[in-house]
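Pasting the structure below:
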């Protein structure tokens with residue numbers, strides 16, 4: 001994994017979680033917020049964290065934000081500040097900007113400004129929770145678009161002992177396996193295989209990571225539940 005330089009603007013719950021996770025993965029993170037208390041709270045976690053007005057182009061340049069590869073704008077509640085910060089980052093030449101939005105209108109404004117990606121953390125978490133409640137056996141759910149999603153599904157009993165070739169996920173169910181998660185026999189972390197052999201047998205306890213259309217994934221779940 002190539003390490004990136006990332007600026008996280010706004011260190012609330014979402015921004016601080018993103019900054020800490022990126023730092024843990026080894027990326028070079030600059031954390032920025034106007035709130036001194038939030039900055040102080042991350043002083044021991046991030047190598048570069050500072051209090052400043054993120055709508056001030058000179059302040060961001062002095063902080064090194066103009067040199068980052070990616071910027072995450074995690075200010076969602078104050079739409080005006082969010083928009084101004086994105087505009088300043090664009091002026092500074094930051095080409096890859098991910099911005100948090102709280103409403104569809106806010107999201108559309110950010111898209112018009114040319115951000116690389118708009119995220120709705122609360123809505124996305126709500127959708128994942130709703131799917132986990134509505135479809136109990138699904139371990140995780142990620143909506144990629146209106147038509148496609150990724151789910152994590154425990155290996156159904158009728159698949160155990162069969163190979164992926166025997167099961168024929170694509171031919172029979174119209175979905176694609178993008179990874180297989182397996183708990184090793186000895187104690188240890190779950191192993192994720194992104195290119196499992198089609199001739200390897202599936203075990204009880206394996207988790208299938210599947211990509212497909214919503215209706216196909218739901219049909220598979222209903223058929224094997």
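Residue numbers (this note's numbering): 1 to 225.
Here a beta-carbon is modelled for each residue, glycine too, at the ideal position from N, C-alpha and C.
Inset, instruction - Per DSSP, which residues does residue 212 bridge with? Please list them. - result: 149
Legend entry - Buried/exposed call for residue 19, threshold 16 Cβ in 10 Å: buried
Inset, instruction - Could you say if the region 30 to 38 and the region 96 to 110 meet the contact criterion of at least three C-beta pairs nearer than 8 Å? - result: no
Legend entry - Nearest candidate by alpha-carbon position, reference residue 58, set 204, 205, 178, 91: 91
Inset, instruction - Express the C-alpha separation of residue 169 and residue 152 in angstroms, rounding to a whole number. - result: 14 Å
Inset, instruction - Using a threshold of 8 Å, state whether the C-beta atoms of residue 180 and residue 206 are closer than that. - result: yes
Legend entry - DSSP-derived helix/strand/coil call for residue 193: strand
Inset, instruction - Measure the Cβ-Cβ separation of residue 211 and residue 175 and say whether it is below 8 Å. - result: yes
Inset, instruction - Please name the residue, chosen from 216, 160, 31, that lies closest to residue 64 on a Cα-to-Cα basis. - result: 31
Inset, instruction - Give me the Cβ distance between residue 68 and residue 5, rounded to the nearest whole Å; I'm assuming they're in contact under 8 Å. - result: 4 Å
Inset, instruction - Would you kindly report the start and end of the unbroken beta strand (DSSP E) that includes residue 226? - result: As shown, the chain starts at 1 and ends at 225. That puts residue 226 outside it, with no answer to give.
Legend entry - Which residues DSSP lists as bridging residue 5, in chain order: 28
Inset, instruction - Mind reading off the beta-carbon distance from residue 9 to residue 85? Whole number of angstroms is fine, and I expect it under 8 Å. - result: 6 Å
Inset, instruction - Taking residue 53 as the reference, give the member of 82, 29, 216 with the closest Cα. - result: 82
Legend entry - Paired residues, beta bridge with residue 123 - DSSP: Residue 123 pairs with nothing; no bridge assigned.
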